[in-house]
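To start, the structure itself, in structure tokens.
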Amino acid sequence: MVNKEVKDIRQLFALASRSSDFTTNTLAITEPPLKISYYKTLIDGDKLQQYLMSALQIQDVELKLRHLKDIQSYLPNDEIEITDRIEIIQHKLFKGYALIQLREEDPTCALIPLESKKGIRQSNETENEFSVVGPKVGFVEDLETNLHLIRSQLNTPDLIVKELTIGSLSQSTVVILYLDGVANDENVAKIENRISDIDFDVVFDTSQLDQIISDNSLSPFPLFTTTERRDRVIFSLIMGQVAVISEGSPYFIMGPSTLFDFFLSPEDYYLPWILGSFFRIIRILGVIFSIFASALYVAITTFHYEVIPKDLLNRLIFSRQSVPFPPVLEAVFLEITVEFLREAGARLPSRIGQTLGIVGGIILGQAAVEASLSSNILIIIVSLSALASFTTPIYKMSNTIRFLRFPMIILASLWGGLGILIGIGFLLVHITRLQSLGYPYTAPFYPLRVKDLKDSLIRSSYRIINTRAGYLKPDSLIRYKPKAAKRQSDFEEE
Amino acid sequence: MGSVRVVNRAILIILPCLFISSCSNQQIVDRINLAQSAGYDLQDKRVKSTILVGNNLEKDKMTVQILETVSESSYDMIPRLQTKANKTIQYGQMRMVLFGSDYAKKGIGPILGSFSRDSKITSRLQMGVADKEASEILAATIKSHDSLFLMNMIEKNMESGNLPRSNFHTILYSYYGAGRDFFLPYFVTERGLIKLDGIALFNEDKWVATVGIREVFIVKMLTENSRNGSFMIPLRGSDSEQYDYVLMRSISSKASYRVISSDSTPAISISIKIKASVKDIPDSVRLKSRQDVSLLENELEETLRKETEDFISLCQSKKVDPLGFGDLFRSKTRNWNEEQFQAAYSTMKATIKIDLDIVQTGIGK
Amino acid sequence: MGKIVSDKFTVSPIHLFFVVYVSIVDVGIMSFQREIVKDAGTDSWLSIVIVGISVHVLVWMIFRILSAQKPENADIVSINRSYFGKVIGTSLNIAIVIYLVAGAFVSFRSYLEVVKIWIFPMMNMWPLSLLLLGLIYYTVSGGFQTIVGICLWSFFSILFFFVPLPLLVTDYLHPRNLFPLFDHSAMQILHSTHRMAFHYLGFETLLIVYPFIQEQAKSRKWAHLGVLSATLMYLMLLFIAMMYFSQGQLLRTIWPSLNLISMLEIPLMQRLEYFILSVWLIKILANISLSLWAACHSLKLSFRVKPRVSLIVMLALFVLLQWFIGNQEEITRATTIYSNIGLYFIYIFIPIVFVITWLKKKVISL
């Protein structure tokens, strides 16, 4: 255990002063002189000047302090806390607070918030979940900013923020957000229990929590939606989901989620419902294509030459006939190439990455065909399915989809179409068995809730989707009462 | 985690099995020879089988390879041909089977039977009959660089020509169904070129009669609600002894059958409604007024009626039933008996009524 | 015993529709047309209607029987115990378990046989069947809710392919083949009815799944709808097959439904029967899992055997049986034996239990 139990303040100082950035000064501007201690690297020097020094120095005379509490009346900051509980003192010290003592041995300290926001990204434009229409507000690595963003749009006292502290080394604050009276209390309690049961050292990102608290760790599927978009979080809050974010992470996770949540894009709601539904269906078709296209190619060229239409047959044979490998190797080789390109593109600086992706894609593809390592029909299929996998709005899910291709290709190479269907069988059973926070992952299709289908495969008009999805068991179902605009035409005139 | 252990164990058992199993079944599409067209001939009581195999060596151009073998029966075609090929021969993409005339006269039943039991044979297979040798006609298609030349020819003629629609399924339908006989397209070679020259009528599985391509229009009209097909109709010129010809193009047609009596001398009435366009009218015919048009309509109706009667009496004399009259009587009679009907078939009376409607006559006056 | 099933494991009434439909319709739907047309020819649709109606009556009886019980005893295992005493009741329960396992095995084996004949004539089926057994294990061990989920998916996957069927083959349909009507004797129709009844076996799992349905009173309508839509599906496929094939041809076609599909062509694919036969796997999976789950659950109720253990034993039994029942003749024989026993089960056993229930009620009210 790295984290030693600190018993009293003296021990804390002894431990802390081993590090050179721990500073202890004596302020002689008051009577008696104040002793102030802080980590230089955690506090904001300007704040120290502004809040503390200048506030205490305005008087010409020396301040007479009999009690630590007197400080509060001179300082403008109302977050000052006075305590002698050592665990709080230690916690706050690491959060960028300065400790003020009257005497050196005094166990009671005033804690003054001077935390620095240095090193935190200022731009909060959404980077990974982009949308053309709609707001582009995303989250940053600072918890308070993130909560501010949420609260400033959800102006209701029902928005409840619960803080928990996780991580034996990081002592990160993890926040659970939900709308009281909407989210089912059971879900809140479940998430709260699971999070407070965690024993972990450093929480870098909320997505780690996602994996730790997930219902099934033996699944390639993410069980909580992850997002950096404000509108997405707020939307899931008003639908009755519970959102969680950890300090230092720009990502929220929301649960209980269904498989379908991963294919919704906020844009669906900003476009007219007919278009929104159309794009949603396109996205889902893209996913299906992405998982099965190369496997289908392998199955057909390896086993089922009978199913190739006669007009396509000659073209297919021609494109493949000088390829020395069986289709399965050809497909796996190309799929892995695409994965290399994606991985390289993600690791490299964005400009180089983009160029490399294009260069690699075009040149490698061309060369593979020239060198007869692959048929050009397969190149089309593979690149289309890679493209299709990126239509998924949530990156985690698109990774899952790309991963699923490989078992499918292997199964297809063993039993052709039947192999693919065995894969689909396993997939269907798996997603049917999955649960997110104890809720079925495949809702609203299974368990079938006809009423909830209005915002699933299609996004119906706002007049129809005025209720919350029932499968989340929200406390209240109605979101708003729709009023139709009166139609004005001579036909309706009386 | 019990389930994890079980899954692991299952994977350990299953994985090795996977790789043992599947290799024998692979038929990688570019590593097999696809027999796309086949022919059967009778040669001194032995069966000569011919197949066409396409090789795609160049883009958009196929070299067609012809393989032949002679054997005691038609069943061992593939194994015998395999000895002459460098890749496994597969027939799952076979779309055309052509029978030589001797073979077709002897009966194609065995082939139909074995194909119908074979799951690799598609229902869309086309069949045809050659005037002499099937292998000769198949060899003549090599120049076309298309191993499915004959099939494409048949399908195009069904779509836009006079040929009535048929395929392996409809052939089996008539072959196994009671009170029906099938027919196949009939090919001839003319100076090295292949020509579709009508249909061959079969009784059971034997070729018994042939109908020319012109009369095939009648069959098309009688068997389906056709869209296409054209018919050249001779018109007696008003002043000369010579015939003028009118080309009639069917736009839509509908034949309806009615059983009048089903006792020992069966009788039937057929009424056909045709909408047709008439093109290239000779100068002697004027279509100025409504009367002119109905005059022409009457004349056309009369010719068609006569042709139809001729066709039906041909069928009756050859005891073939391509139009499915027997099936019609079956559906209208309880306890129908096929033999009885066969006996009475040649005396069956058919009344034909044709209602022709000329709808448009080109865009010029 | 005697515990009401926790809410966590139950499903809402609408799902009973899928359960009933899936349990009725199995591999037989590929081949039933020939069997019933053989005897009753153009009138064979009558036999479907007759069997359909009789099954509705039986489902009604089952609901009557089950709703007369206390909620914690509403399954056939407890009913057998309380009606027939410990010895007879227990042996009846064993018989039911064997019957269910046999049903699952027959489906499993016949599906593999169809696959072998249509898709992989040369293949060694062992690895494939082992993988399938793994899949079945994974499904059944997911519990009732997972199985119902698979029922739902399979219903939609099949519907997706069969509903457009009549539209796509219209050109080849000959309505004349449906006539003349009423051309067959009552005996012939009875024969074909007997054959048809085989294809309805399976709905009796209702006797075991009943406690797992929420709001059982509401579920009645869904069970009947399930039977009705199975009947409609059978009727539709019969009519299409009768119009598509001539009678002589139909009698020579072992799998009319597959031959029908083989006529279809879509731009990227022909010979769709290969594809649909593969999709059928999901259907068969649902069917087998449902029976096996019912068997495991009955064993648990009557002997407190751990379902996981009994499931593994059953699957091992599948492997053994596959050794013995190898060729098509043996499969047909096994199917016939199974189906005849099934007929006794549904047409004799269920009415007897129904009468006993009814008498008991009478006695109590007197």
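Protein chains in written order, with the UniProt record's numbering: chain A, 1 to 494; chain B, 1 to 365; chain C, 1 to 366. Heads up, the beta-carbon is just placed ideally off N, CA and C, and yes, glycines get one too.
So, does the CB of B:Arg124 fall closer than 8 angstroms to a CB anywhere in chain C? yes
Considering only residues of the stretch 278–330 of chain A, which uninterrupted alpha helix (DSSP H) runs meet the minimum length of 4 residues and lie entirely inside it, listed in chain order? 310–320
Assigned secondary structure, B:Asn162 (DSSP; H/G/I helix, E/B strand, else coil): coil
Taking the straight line between their C-alpha atoms, what separation do you get for B:Gln36 and B:Pro164? Between B:Gln36 and B:Pro164, the alpha-carbon positions lie close to 23 angstroms from each other.
Go to B:Asn203, then tell me how far its beta strand (DSSP E) extends in each direction, as first and last residue. Leu193 to Asn203
Under the rule that 16 or more other beta-carbon atoms within 10 Å means buried, what is B:Lys365, buried or exposed? At B:Lys365, the pLDDT of 48 sits below 50, so the modelled position is not reliable and the matter cannot be decided from this model.
According to the Cβ coordinates, are B:Gly177 and B:Asp327 closer than 8 angstroms? yes
Answer yes if the stretch 127–139 of chain A comes into contact with the stretch 80–94 of chain A, meaning at least three C-beta pairs across the two stretches below 8 angstroms, and no otherwise. Not touching, per the Cβ criterion.
CB contact below 8 angstroms: B:Gly2 versus chain A: Low per-residue confidence applies at B:Gly2: pLDDT is 47, beneath 50, and the placement is therefore not dependable, though the value from the model is reported in the following sentence. No, no contact with chain A.
Specify the secondary structure class of A:Tyr51 as computed by DSSP and reduced to three states. helix
Would you kindly work out how many angstroms separate the C-alpha atoms of C:Val11 and C:Trp222, rounded to a whole number? 13 angstroms
Rounded distance between the beta-carbons of B:Gln26 and B:Gln90, thought under 8 angstroms: In fact, because the Cβ distance is near 11 angstroms, the residues do not count as touching under 8 angstroms.
Which of helix, strand or coil DSSP assigns to B:Thr308: In the structure shown, B:Thr308 sits in a helix (DSSP, three-state: H, G or I).
List the endpoints of the continuous alpha helix (DSSP H) containing C:Asn340. Gln328 to Tyr344
Cross-strand partners of B:Met248 (DSSP beta bridge): B:Phe231 and B:Val278
DSSP three-state call for A:Pro272: helix, strand or coil? coil
Chain A contact residues for C:Pro211, given Cβ-Cβ distances below 7 angstroms: Near C:Pro211 there are no residues of chain A at all, since even the closest Cβ is about 17 angstroms away, more than 7 angstroms.
Extent of the continuous alpha helix (DSSP H) to which B:Tyr176 belongs: Unbroken alpha helix (DSSP H) run through B:Tyr176: Phe168 to Tyr176.
Any alpha helix (DSSP H) of 4 or more consecutive residues that is wholly inside the stretch 176–233 of chain C: Taken in chain order, the unbroken stretches of alpha helix (DSSP H) that lie wholly in the stretch 176–233 of chain C and span 4 residues or more are 186–198 and 206–209.
Name the one or two DSSP bridge partners that B:Asp357 has. B:Lys275
Counted within 10 angstroms of its Cβ, other Cβ atoms place residue 497 of chain A as buried (16 or more) or exposed: Outside the displayed range of chain A (1 to 494) lies residue 497 of chain A, so it cannot be described from this structure.
DSSP three-state label for A:Phe403, please. A:Phe403 falls in the helix class under three-state DSSP.
Short Cβ contact (8 angstroms threshold) for B:Glu209 with B:Leu314: Checking the sequence, you will find Ala at residue 209 of chain B rather than Glu. Going by C-beta atoms, B:Ala209 is nearer than 8 angstroms to B:Leu314.
Can you look up B:Asn55 in the DSSP assignment and give me helix, strand or coil? strand
Would you list, in chain order, the members of the stretch 230–257 of chain C that have their beta-carbon closer than 7 angstroms to a beta-carbon of chain B? Those residues of the stretch 230–257 of chain C that come within reach of chain B (Cβ to Cβ, closer than 7 angstroms) are Phe245, Ser246, Gln247, Gly248, Gln249 and Arg252.
Can you tell me whether DSSP reads C:Leu135 as helix, strand or coil? helix
Beta carbon of B:Ile66, beta carbon of B:Leu52: below 8 angstroms? For B:Ile66 and B:Leu52, yes; Cβs fall inside 8 angstroms.
Three-state secondary structure assigned by DSSP to B:Ser331: Look at B:Ser331 here: in three-state DSSP terms it is helix.
Nearest to C:Lys226 (by Cα), restricted to the options C:Ser141, C:Ala241, C:Leu173 and C:His15: As written in the sequence, residue 226 of chain C is Gly, which differs from the Lys given in the question. Considering only alpha carbons, the answer is C:His15.
Give the range of the alpha helix (DSSP H) segment to which A:Pro222 is assigned. A:Pro222 -> no alpha helix (DSSP H), and no H or E assigned at all.
is_contact[B:Ile51, chain A] using C-beta, thresh 8 angstroms: no
Which listed residue (A:Gly470, A:Ser207, A:Arg463 and A:Phe303) has its alpha carbon closest to that of A:Ala485: A:Arg463
Per DSSP, which residues does A:Gly255 bridge with? Please list them. A:Val242
Spatial distance of C:Tyr244 from C:Met263 (CA atoms): Approximately 11 angstroms between the Cα atoms of the pair.
Residues of chain A with a CB under 7 angstroms from the CB of B:Ile28: which are they? Thr301, Thr302, Pro326 and Pro327
CA-to-CA distance, A:Ile377 to B:Ser119, given in whole angstroms: 28 angstroms
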